[in-house]
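Numbering (our numbering), first residue to last: 3 to 472. For glycine and all other residues, C-beta sits at the position ideal for the given N, C-alpha and C. Every value quoted in this text rests on a predicted model; they were computed, and no experiment measured them.
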């Protein structure tokens, strides 16, 4: 059993940012939970291309237009504007100042702005092709320096604790649904514990692993989405799953992301017989068209001509030394798979990459359930619409992680738990915060033996194949 003021489930850029911002109040108690043994392990860690800053000759209106154009008419202009206006400032305050992330720069200290698909300006900040790993290193170090943050590893969230569903009080049926923490599975102990909290923040990431081919790590199974759905949270845009156009297609290395930045630096897509095909699908953007356009084009070429993959050529477009310097991780990983990207094109296929839908949240990360917030890929404020603009995901995690933290802090600091900008939390008649006596322990009745891992793996493969084909 554990009790905290703020429970954050997930430790990627969104969850870590929320924790770091909340910790600025030294009296605030924050618990961060991660299913991984290493807190650095998250979808964020695998982000290669970079994160949006404010490039040369750039401004929020230009970025907003790019986001809305990529979103295919489904993005929320209000949410996208928040991202465009606040993002670069939050990036500087949290990543560069608080977390100490050093983005690539030239000899004079000016940023080496990268370019990516569907961006009308060079505005991508990066650390080689390992931006996500650098960000997580800085954020986890910053979290560990905060005495009021507790990070617990090897803990998997099982279910949200919500009233009236888990309440012993029948009168809670007349109050709005409210979240009071979560049931957590301690993996080393094989036990489930109750974690109670005044505010709970879901930052559990995406669901790429429910597809056969994905760029996502093993933890991206949609756990948070399932928990939120069971609790009664509103889910939107679940049909919008972005497929990254270029994942490595090599035996034993399937799913390795080949960053959009490779095409941003001049890489071109070719059929196996050497035909440059993107001019046929997007005469204006060509190889730098939005991800959905490129992924559909590759899929169409593969289906029409029975190709197993297409080729991404950077070797003929960039000097070998520059390739190794700009893309050291991609170069090393491809070399392990027997492909020297400085000498030959890269075989690539589309793969499930990013969940554009999620738990519906407002501009402060509030879900439709009281006391429950969602930030990062698990959430949907409407920024991405039907298709995410490259390198907006890390920025969204920063912005909404920061905004959720602001709202939680204001809520917990305001008398009667009502935030200064609107009475969303605890609208029901005042009730004391529940304790362990009010929440039943996890019910393990009917559990007699460990399930067979082979059966679980078989079920998962069935799900992955269904999602891939249909």
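Exercise. Under three-state DSSP, which class holds residue 120?
Worked result: coil
Exercise. Can you list, in chain order, the residues of its chain whose CB lies under 7 angstroms from that of residue 68, leaving out five sequence neighbours each side?
Worked result: 120, 121, 122, 391
Exercise. Should residue 398 and residue 266 be called a contact, given that it needs their Cβ atoms to be closer than 7 angstroms?
Worked result: no
For this session: Assess, as a yes-or-no matter, whether the segment 180-189 is touched by the segment 48-61 under the definition of 3 or more beta carbon pairs within less than 8 angstroms.
Result: no
For this session: Taking residue 348 as part of the beta strand (DSSP E), name the residues at either end of that continuous run.
Result: 348-357
For this session: Check residue 188 in the structure and name its three-state DSSP category.
Result: strand
Exercise. Touch check for the segment 216-223 and the segment 185-205: three-plus C-beta pairs under 8 angstroms?
Worked result: no
Exercise. Would you report the Cα separation of residue 208 and residue 152, rounded to the nearest angstrom?
Worked result: 24 angstroms
For this session: Out of 374, 345, 87, 149, state which residue places its alpha-carbon closest to the alpha-carbon of residue 313.
Result: 345
Exercise. By how many angstroms is the C-alpha of residue 191 removed from the C-alpha of residue 132?
Worked result: 34 angstroms
For this session: Could you please give the first and the last residue of the uninterrupted beta strand (DSSP E) stretch that includes residue 197?
Result: 193-204
Exercise. Helix, strand or coil: which one does DSSP assign to residue 399?
Worked result: helix
For this session: Could you round the C-beta distance between residue 371 and residue 164 to whole angstroms and report it? I think they count as a contact, below 8 angstroms.
Result: 7 angstroms
For this session: Provide the residue span of the alpha helix (DSSP H) that contains residue 302, from first to last.
Result: 293-307
Exercise. So which of 225, 410, 141 has the shortest CA-CA distance to residue 162?
Worked result: 225
For this session: Report yes or no: do three or more beta-carbon pairs, one from the segment 310-327 and one from the segment 343-359, lie closer than 8 angstroms?
Result: yes
Exercise. Taking C-alpha atoms, which residue in 108, 35, 189, 362 lies nearest to residue 2?
Worked result: Because the chain here runs from 3 to 472, residue 2 falls outside it and cannot be looked at.
For this session: Grab the span of the beta strand (DSSP E) containing residue 360 for me, first residue to last.
Result: 360-362
Exercise. Taking only runs of the alpha helix (DSSP H) that begin and end inside the segment 250-279, which ones reach a length of at least 4 residues, in chain order?
Worked result: 262-266
Exercise. Enumerated in chain order, which unbroken segments of the beta strand (DSSP E) with a length of 3 residues or greater are wholly contained in the segment 53-119?
Worked result: none
Exercise. Apart from the five residues just before and just after residue 230, which ones in its own chain have a Cβ nearer than 6 angstroms to its Cβ?
Worked result: 361
For this session: With DSSP collapsed to three states, give me the class of residue 343.
Result: coil
For this session: Report the rounded CA-to-CA distance for residue 286 versus residue 31, giving the unit in angstroms.
Result: 52 angstroms
Exercise. Is the beta carbon of residue 365 sitting closer than 7 angstroms to the one on residue 84?
Worked result: yes
Exercise. Taking the beta strand (DSSP E) that residue 6 falls in, what are its first and last residues?
Worked result: 4-11
Exercise. Is it the case that the Cβ atoms of residue 75 and residue 44 are separated by a distance below 7 angstroms?
Worked result: no
Exercise. Taking 7 angstroms as the CB-CB limit, is residue 146 close to chain D?
Worked result: Absent from the structure is chain D; it holds one protein chain and no more.
For this session: Quick one: residues in its chain with C-beta nearer than 6 angstroms to the C-beta of residue 154, no 5 flanking neighbours on either side, listed in chain order?
Result: 35
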